[in-house]
Amino acid sequence: MGSVRTLLAVVAAAWILPALTAATIEGRVTLPKARATPVVNQRYYVVANAGVLSTNPPLAVVYLEGRFPRPVTPPVAEMTQKDLTFLPSLLPVQVNTRVSFPNLDDTYHNIFSFSPPKRFDLGRYLADERPAPSVLFDTPGLVTLRCDIHEHMRALILVLDTPHFVITAPDGAFRLPAVPAGRFVLKAWIDSKTTRETPVELKDDATLRVDFP
Amino acid sequence: MNTLAVTRSPADIRSAPPARVAGFRTKVLLAMMLVVSAVTGLALYFAQRNLAESVQRDLEREFLSELEALHQVRAIRQSALNERGGALVRKSRIHAALEDDAQDRLYPSAVDELRDIMQRRDPAADPAADALHARFFRFLDRKGAVIPLDPPEGRVAEVATRLTPAEVQQLVLPSAPESQQIGFLEYSSPAFGSALAEVIAMPIRSTESGEVMGGLALGFKPFEFGGRRHSGIWLNGRLHSTSLTAGVARAVEGVMSAAWNATQAEVPQRIEVGGVSFLMFARQLNPGSQFPLAYEVCVFPLNDLIARQRQLRWQVVGAGAFLLLVGLAASHFASVRLSAPVEKLAIDSERSARFSADASHQLKTPVTVLRAGLEELLTRDHLTPEECDQVSALIHQTYRLSSLIEDLLLLSRMDAGRLKLDAAPVNLTQLIEASVDDLSAMPDELHLQVETGFPAGLSILGEKRYTAMILQNLLENARKYNRRGGRIRVTARREGGKALLSVGNTGRPIGPAAQAHIFERFHRGAIGENVPGYGLGLNLARELARLHQGDLRLVVSAEDWTEFEVSFPLAGEGAPA
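Order-wise, the sequence lines are chains F and U. Residue numbering for the first sequence follows the working numbering, beginning at 2 and increasing consecutively. Residue numbering for the second sequence follows the working numbering, beginning at 28 and increasing consecutively.
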């Protein structure tokens with residue numbers, strides 16, 4: 002729930018800063034069908050298929066690409082390890098966000114990533130580790146997180162150079178409020194190899210409907 | 028003349044058996060010895076062969092079970108290695124490096140992850156762990172190619188130095204391994220000093236989809252057997268072995284090069300090197316592998332087997348000699364036992380023949396003396412005519428007695444097998460003519476009519492006096508048993524390479540019951556009650572006919588006609604017709 006709160010705070014800040022001249026984008030992303038097989042373990046929220054990483058059931062991240070001022074204070078986010086899984090399994094963050102990884106299990110975890118945007122290794126730690134180990138994600142891109150001890154644990158952090166992003170509902174529906182007016186590119190990240198985009202022109206106090214086929 | 032001086036007593040005969048009786052015993056003994064020797068020899072040959080084969084089979088079985096046990100040890104080791112390798116390829120960091128586009132992290136991560144399994148550069152420090160420690164490793168990509176160590180520096184540098192580029196090239200597979208692959212690598216490492224390395228390549232599968240992302244190839248020191256055998260590994264047409272001598276290695280290479288398939292290669296072979304035999308077993312080490320096929324070749328020296336076989340052979344020969352001795356002793360005993368009744372029979376026959384001869388001989392003398400005395404008495408003047416008749420009758424009886432003794436002498440000689448024919452062509456026609464003339468010259472009270480019918484110049488093979496004796500006997504009987512005014516018919520003819528002489532006469536027939544006995548010695552038929560004779564004539568005639576390779580038989584004895592037929596061998600093609 003912490004991550005949701007953080008997300009709301011980010012969205013609220015983005016909404017309040019441009020005062021009352023904000024637009025809203027809503028629409029639907031056509032998501033791939035949920036894969037019942039051949040996933041070995043349904044707890045795997047992030048799955049790889051032929052080298053393509055996605056969530057299961059599928060979710061998309063819709064974000065507005067453009068030149069936005071970077072936040073003065075780095076935003077924070079949280080990805081916990083609970084019941085030998087990452088929660089959430091897909092986390093979009095704005096670049097320069099510090100994500101902490103609290104261990105809520107009774108066992109050791111060792112979070113690491115070999116992904117080019119961010120390589121790190123938090124080492125082994127237990128739930129009593131204070132403060133919870135955290136990493137600053139300062140390069141946009143997709144970061145795959147794993148646990149060295151629990152081979153099945155997998156999570157994705159999508160580092161975005163924008164404060165305007167939202168995760169779709171399981172049916173693909175999204176609503177991106179408080180976005181500034183102007184010409185932008187709206188993108189929908191579906192999996193590690195698929196990102197759809199469409200140019201948008203946003204007007205103040207208007208709601209734009211965008212569907213990704 | 029003292030006839031006893033030349034006569035051997037029955038005791039003499041028994042104590043010293045005749046030469047041919049002794050010969051019989053020797054022949055029996057020799058035959059039995061031959062049989063015993065042959066049977067013993069055959070039995071020994073098969074026993075020795077079976078024992079030798081069984082010893083060899085046992086030894087082969089022993090070798091095979093030893094090999095089997097060692098192969099199981101190998102399988103356990105491979106399974107342990109596989110288990111360790113399997114744990115390694117599930118490591119998150121290795122998966123992360125392969126899946127997350129971070130190949131530069133692959134070898135550095137593996138150096139950490141494989142730290143436990145890698146062998147130190149100084150294997151002598153812990154030789155026991157040597158078998159389960161890897162000497163080198165490489166990762167394979169999805170296509171089976173070796174993922175290079177790029178760049179080979181830092182901690183990875185040491186990994187790089189453990190294989191030369193040529194050796195690395197031997198790890199390349201046609202595709203990433205779908206299952207564990209066993210292979211062998213021609214390898215020379217200054218640190219480990221081995222000529223071969225055993226490679227276990229295992230797939231690295233995606234945790235989620237199960238698809239093969241690549242492979243991990245680990246190189247180990249080949250599993251080495253101890254024990255009596257020497258072994259090597261046949262790979263790429265070459266034998267790699269440190270335990271085989273150069274000569275044995277050459278012989279093994281010859282056998283393996285000649286084998287053209289796996290089944291043929293795995294048949295146990297016997298090889299000879301420098302006069303020493305070895306048993307060679309080959310077994311494929313990596314059936315179905317994507318790596319080149321390798322065979323393990325084990326060579327067992329057969330010194331023990333040969334020594335055991337030699338010992339066995341001596342034991343068998345010893346047992347055989349003993350058996351042969353026992354067999355020969357038994358055959359000697361058996362031959363004595365077997366020939367005893369025959370010898371007894373022969374001695375008895377000899378004795379009876381000799382008795383008959385001696386008795387005949389000793390009877391002739393007093394008869395002669397008696398006849399001389401009677402003839403002397405007859406010359407005296409004072410004898411009345413009645414007395415003269417009586418003395419004459421007595422003299423006639425001495426002649427009959429002499430004739431009887433002659434017949435008995437002849438029979439006894441035949442019984443003893445001592446009568447040998449001095450065979451020569453005999454003109455049977457002349458003989459018949461002469462005999463018929465003699466018959467006609469005799470005083471004839473019966474008024475017999477003699478008929479003849481024979482070809483001129485019929486010649487047979489025989490001895491004339493005995494042939495004549497047969498004919499005289501038959502004619503004598505024909506006359507004696509005839510009726511008054513009856514007929515005698517003498518005919519001869521050639522038939523089927525023989526001369527057949529028939530003598531028939533009229534008179535009372537011989538009854539069917541008597542016919543069976545007429546050729547027996549001293550048999551006289553009921554019809555002969557008033558006829559002089561001793562019942563030896565027909566018997567003598569038949570014995571003589573048989574001595575001539577012929578026979579005498581009664582052809583017919585019907586109402587008023589009795590006919591005998593005697594057969595003789597013809598004198599041959601050259602004989603006068």
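Yeah, the Cβ is synthetic: ideal placement off N, Cα and C, and Gly gets one too.
- In its chain, beyond the 5 residues on either side, Leu-65, Glu-66, Gly-67, Val-201 and Leu-203 have a beta carbon closer than 7 Å to the beta carbon of F/Phe-185.
- Sorting U/Ala-540, U/Val-593, U/Thr-533 and U/Arg-445 by C-alpha distance to the C-alpha of U/Asp-587 places U/Thr-533 at the top.
- The three-state secondary structure of U/Val-55, taken from DSSP, is helix.
- Around the Cβ of U/Gln-208, a 10 Å sphere holds 16 or more other Cβ atoms; the residue is buried.
- Put simply, the backbone Cα of U/Phe-247 is about 53 Å away from that of F/Val-30.
- In this structure, the straight-line span from the alpha carbon of U/Leu-306 to that of U/Val-183 is close to 46 Å.
- For U/Tyr-134, there is no enclosing beta strand (DSSP E); the enclosing alpha helix (DSSP H) covers residues 133 to 140.
- Nearest CB-CB separation between U/His-160 and chain F: not below the 8 Å threshold.
- For the 8 Å CB-CB criterion, U/Val-279 and U/Leu-266 form a contact.
- Close partners of U/Asp-128 in chain F (Cβ separation under 7 Å): Pro-117.
- Using a Cβ-Cβ cut-off of 8 Å, F/Thr-145 is close to Ala-123, Glu-126 and Asp-127 of chain U, given in chain order.
- Using a CB distance cut-off of 8 Å, F/His-153 counts as an interface residue toward chain U.
- DSSP lists U/Leu-266 and U/Tyr-322 as the beta-bridge partner residues of U/Trp-261.
- Identification of residues in the segment 147 to 177 of chain F having a C-beta nearer than 9 Å to some C-beta of chain U yields Arg-147, Cys-148, Asp-149, Ile-150, His-151, Glu-152, His-153, Met-154 and Arg-155, given in sequence order.
- Put simply, the CB of U/Ser-92 is far from chain F, with every gap to its CB atoms at 8 Å or more.
- Comparing alpha carbon positions, the residue from F/Glu-198, F/Asp-192, F/Gly-183 and F/Thr-195 closest to F/Thr-208 is F/Gly-183.
- Residue range 142 to 148 is occupied by the beta strand (DSSP E) that includes F/Gly-142.
- Counting every other CB atom within 10 Å of its CB across the protein chains shown gives F/Gln-95 a total of 16 or more, marking it as buried.
- Residue pairing from DSSP places F/Tyr-126 in a beta bridge opposite F/His-110.
- Taking a cut-off of 8 Å for Cβ pairs, the segment 81 to 97 of chain F and the segment 136 to 150 of chain F touch, as three or more such pairs fall below it.
- In the three-state reduction of the DSSP assignment, U/Ser-486 falls in the strand class, which pools E and B.
- Contact between F/Pro-117 and U/Asp-128 holds: CB atoms are separated by about 6 Å, below the 8 Å threshold.
- Boundaries of the alpha helix (DSSP H) around U/Lys-491: 491 to 507.
- In the displayed model, U/Met-229 falls within a strand according to three-state DSSP.
- In the DSSP assignment, the residues bridged to U/Arg-165 are U/Ala-244.
- For the pair U/Glu-377 and U/Ala-443, the CB atoms are nearer than the 8 Å cut-off.
- Between the C-alpha atoms of U/Tyr-561 and U/Arg-569 there is a straight-line separation of about 15 Å.
- Between F/Arg-197 and F/Glu-27, the C-beta spacing is not below 8 Å.
- Membership of U/Leu-458 in the alpha helix (DSSP H) is indicated by the continuous run 455 to 468.
- Contact annotation, U/Ile-174 with U/Gln-130: C-beta distance approximately 6 Å; criterion of less than 8 Å satisfied.
- By a beta-carbon distance limit of 8 Å, U/Leu-56 does not contact U/Val-343. Their separation comes to about 26 Å.
- For U/Arg-120, the nearest beta carbon of chain F is closer than 8 Å to its own beta carbon.
- Contacts with chain F at 8 Å (Cβ-Cβ) do not include U/Arg-265.
- Note on F/Met-154: 16 or more other CB atoms within 10 angstroms of its CB, so buried under the neighbour-count rule.
- Per DSSP, F/Asp-212 is one residue of the beta strand (DSSP E) stretching across 208 to 213.
- A straight-line Cα-Cα distance of about 14 Å links F/Ser-101 and F/Lys-119.
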